[in-house]
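Residue numbers (the numbering used here): 388 to 588. Using N, Cα and C, we set each Cβ at its ideal position, and we do this for glycine too. These notes concern the structure reproduced below.
If you want it as structure tokens, here you go:
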């Protein structure tokens, strides 16, 4: 699962580069949104920067992390790749409103409640796959999770669906590739912990 992640100044710089390359139509609006980014943890229930494709261009905007739960239940902030297309709550959103969530790294806790930080050692930021849905108070999003790869398995059996940079436009635009991307195995990640030395995979 993914219940907390981090954005920093490097995240903002990389998103600005991406927007300048791909976001002609909404560039100024998106760059203003980048300017709102401040370093810190992002957790369910908080507004966060997300990338989406609207009006023929990639753009950055702010959405609320988590779909409202039924009858006062907790926020729904993750969706399983294996079942998202079949669940009524998610089905239309994943077909029509796919987004990308940028992060410097994300956190996961092992069964002993020890915090682990996961990032890429070959790129400055992560791109996590997700989708959004409009509610009365605005756009809300969830992050897709998939089975853990070998770099994640020692800590948890689930992990965010990590996209490669070249897959960003495909994920948001190419309906024919949605299922293929949902079944991909994410890249290997670097794990850092407070209680043991750095682990590389």
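Item	Value
How many Å lie between residue 424 and residue 395 at the Cα?	8 Å
Looking at chain C, is there any beta carbon in it that lies within less than 9 Å of the beta carbon of residue 434?	Structure shown: chain C not included; a single protein chain is present.
Just curious, the beta strand (DSSP E) that residue 578 is in, first and last residue?	577-580
Please say whether residue 531 and residue 471 have beta carbons closer to each other than 9 Å?	yes
In this structure, how does DSSP classify residue 397 when only helix, strand and coil are distinguished?	helix
Indicate the three-state DSSP secondary structure (helix, strand or coil) for residue 516 in the structure shown.	strand
State the CB to CB distance for the pair residue 533 and residue 468, rounded to an integer number of angstroms; the pair is presumed to be in contact (CB under 8 Å).	4 Å
Hey, which unbroken runs of the alpha helix (DSSP H) at 4 residues or more fall wholly within the segment 440-505?	475-483
Just reading off the alpha helix (DSSP H) that residue 414 is part of, what are its end residues?	414-422
Give me the Cβ distance between residue 452 and residue 429, rounded to the nearest whole Å; I'm assuming they're in contact under 8 Å.	7 Å
Is it buried or exposed for residue 547, if we count other Cβ within 10 angstroms and need 16 for buried?	buried
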